[in-house]
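Undergrad: Residue 757 in this note's numbering sits at position 66 of the sequence shown; the count goes up by one each step and never skips.
Ideal placement from N, C-alpha and C gives every residue a C-beta, glycine not left out.
Source: prediction; values computed, not measured.
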Amino acid sequence: MKKTIIAVGGGSYGQLKTYPDGRQVQKTKDSIEIDKKMIKLTGKDHPKIVFIGAAHGDDESRFLVIKKYFSDDFGCEVKNLNLVDDSKRPSADEIKKIVLGADIIYVGGGNVTFLMNILKKTGVDNLLIQAYNQGIIMAGNSAGGCVWFEYYGNDEDDDFDGTFDTFKPKKALGLVHGYFEPHWNEKPEEGIDKDAVSRNAVQRMLARESKFGYGVDEGAAIMVQTDDNNNQTMTEIISKPGAKIYKLLPQNQQHINIGKSRE
């Protein structure tokens with residue numbers, strides 16, 4: 692049985708952007724080719740997707756965008772799993788039924804540390820690992836991509852003060868080796884502060900910590916598949932023209948282009 696993780700570097704689902712003058716413009720659907728591949732892997736015409744939006748506080752408006760996107764464009768059955776609000780969270784038995792009954796678990800963006808804390812508090816961290824081992828496709832965008840790897844950055848957390856000395860890796864679920872950095876093409880080349888961790892700062896941090904990682908552009912994804920012998924293969928899936936994935940090594944980056952997929 693092949694196990695699959697699809698970690699997306701970020702991008703829009705086609706939601707509307709409202710300008711101060713009242714104009715509304717629909718954003719480009721940056722990950723549509725990635726999601727097409729993900730849906731195809733289920734082998735089903737109408738797969739069940741469970742969306743976890745805890746990284747952004749279970750924002751209902753975000754879920755509605757996701758639901759419309761996956762139902763309208765792909766014919767999926769989309770269910771929201773609320774975890775943040777105690778009054779909206781299903782029982783432990785119901786959560787288990789929802790997670791293990793999915794064809795795809797899709798984790799949204801936001802703050803990764805907040806997300807990890809909620810997953811641990813509710814026991815969903817262990818359920819996600821169980822679902823992964825049962826062959827359910829695990830996916831996510833931005834913070835939802837970080838969660839599957841060993842490490843992510845603390846740049847949105849209180850223990851980061853905007854200096855290189857406090858920029859450090861934190862542990863995620865560890866299903867994929869290495870560190871995951873989303874929005875790579877949106878990052879400045881140099882410098883570090885509370886609002887902008889640069890590519891150079893990420894690579895310096897990884898060198899200091901003796902770790903490697905991946906920088907993933909918006910509109911690109913890493914698909915990691917594990918076979919019965921625990922051998923992992925990585926495929927680059929590109930949805931947005933020009934988007935890339937980089938393997939981050941001490942002080943340099945290498946574009947990953949083996950096993951490229953665009954369907």
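Should the segment 809 to 816 be called in touch with the segment 761 to 776, which here means at least 3 C-beta pairs below 8 Å?
TA: Enough Cβ pairs lie closer than 8 Å, so yes.
Undergrad: For the segment 865 to 885 against the segment 696 to 704, are there 3 or more C-beta pairs whose distance is under 8 Å?
TA: Judged by Cβ distances under 8 Å, the segment 865 to 885 makes contact with the segment 696 to 704, as three or more pairs qualify.
Undergrad: Helix, strand or coil for Thr924? Go by DSSP, reduced to three states.
TA: Strand, per DSSP.
Undergrad: In chain order, which continuous runs of the alpha helix (DSSP H) of length 4 or greater are located wholly inside the segment 816 to 873?
TA: Listed in chain order, the complete alpha helix (DSSP H) runs (minimum 4 residues) inside the segment 816 to 873 are 834 to 837.
Undergrad: Which same chain residues, not among the five before or five after Ile740, have their C-beta less than 6 Å away from its C-beta?
TA: Within the same chain, Ile740 has close Cβ partners Phe761, Cys767, Val769, Ile795, Tyr797.
Undergrad: From Asn802 to Lys859, what distance separates their C-alpha atoms?
TA: Cα to Cα, the separation comes out at about 15 Å.
Undergrad: Tell me the rounded alpha-carbon separation between Asp919 and Met692.
TA: In a straight line, the C-alpha of Asp919 is about 6 Å away from that of Met692.
Undergrad: Please work out which residues of its chain come closer than 7 Å, Cβ to Cβ, to Pro781, disregarding the five sequence neighbours upstream and downstream, and give them in chain order.
TA: Excluding positions up to five away in sequence, the list reads Ile789.
Undergrad: Going straight from the alpha carbon of Thr917 to that of Ile730, what length do you get?
TA: Going from the Cα of Thr917 to the Cα of Ile730 covers about 18 Å.
Undergrad: Relative to the alpha-carbon of Thr1000, which residue among Ala793, Gly713, Asp764 has its alpha-carbon at the smallest distance?
TA: For residue 1000 there is no data in the structure shown, the boundaries of the chain being 692 and 954.
Undergrad: Compare the beta carbon distance of Gly933 and Tyr905 with 8 Å and say whether it is the shorter of the two.
TA: No, the Cβ-Cβ distance between Gly933 and Tyr905 is not below 8 Å.
Undergrad: To test your reading of the DSSP string, which unbroken alpha helix (DSSP H) runs of 4 or more residues are found completely within the segment 757 to 799?
TA: Whole alpha helix (DSSP H) segments, 4+ residues: 783 to 791.
Undergrad: If you draw a straight line from the C-alpha of Asp846 to the C-alpha of Gly853, how long is it?
TA: For Asp846 and Gly853, the distance between alpha carbons rounds to 8 Å.
Undergrad: Report buried or exposed for Leu755, applying the criterion of at least 16 other Cβ atoms within 10 angstroms of its Cβ.
TA: By the 10 Å Cβ count, Leu755 comes out exposed.
Undergrad: Determine the extent of the beta strand (DSSP E) in which Met896 is found, giving its start and end residues.
TA: Looking at the DSSP string, Met896 is not in any beta strand (DSSP E); the run it does join, the alpha helix (DSSP H), is 890 to 899.
Undergrad: Report buried or exposed for Met896, applying the criterion of at least 16 other Cβ atoms within 10 angstroms of its Cβ.
TA: Classification for Met896: buried.
Undergrad: Can you tell me whether DSSP reads Thr804 as helix, strand or coil?
TA: Reduced to three states, the DSSP call for Thr804 is helix.
Undergrad: Where do the ends of the alpha helix (DSSP H) carrying Ile723 lie?
TA: That run of the alpha helix (DSSP H) goes 723 to 733.
Undergrad: On the premise that Pro873 lies in contact with Val907, defined as a C-beta separation below 8 Å, what is that separation, rounded to the nearest angstrom?
TA: With 8 Å as the limit, Val907 and Pro873 qualify as a contact, their Cβ atoms being about 6 Å apart.
Undergrad: In whole angstroms, what separates the C-alpha of Lys718 from that of Thr709?
TA: Straight-line Cα distance between these residues: approximately 10 Å.
Undergrad: For Ile743, report the span of its beta strand (DSSP E) as first-last.
TA: Segment 739 to 743, the beta strand (DSSP E) holding Ile743.
Undergrad: Compute the Euclidean distance between the alpha carbons of Thr924 and Pro711, then round it to the nearest angstrom.
TA: The straight-line gap from Cα to Cα measures roughly 46 Å.
Undergrad: Specify the secondary structure class of Thr917 as computed by DSSP and reduced to three states.
TA: Of the three classes helix, strand and coil, the one that applies to Thr917 here is strand, per DSSP.
Undergrad: Closest to Phe871 by CA distance: which of Thr926, Ser722, Tyr937 is it?
TA: That would be Tyr937, whose Cα lies nearest to the Cα of Phe871.
Undergrad: In whole angstroms, what separates the C-alpha of Phe851 from that of Ser722?
TA: Computed Cα separation, rounded: 30 Å.
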